[in-house]
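In my numbering, the protein residues as written are 1 to 58.
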């Protein structure tokens with residue numbers, strides 16, 4: 001995570017979006033019996049989110 005935030009300069013929400021997509025594909029692969037790897041269901045592999053504030057300038 002530090003690599004993605006510091007070196008790649010990705011925001012926590014962007015990283016969370018990618019993790020969510022990876023988990024979705026991994027769950028689909030487990031359901032379709034393509035793989036039996038379930039490491040993505042562990043506690044430390046969670047999607048992160050950060051509250052954002054949007055401004056509208058008039």
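For each residue, glycine too, the CB sits at the ideal point set by N, CA and C.
- Between residue 16 and residue 41, the C-beta gap is not smaller than 8 Å, which leaves the two residues out of contact.
- Minimum Cα-Cα distance from residue 11 among the listed residues 27, 38, 32 and 47 corresponds to 47.
- Excluding the 5 residues flanking it on each side, residue 19 has same chain C-beta neighbours closer than 8 Å at 45, 46, 47 and 48, in chain order.
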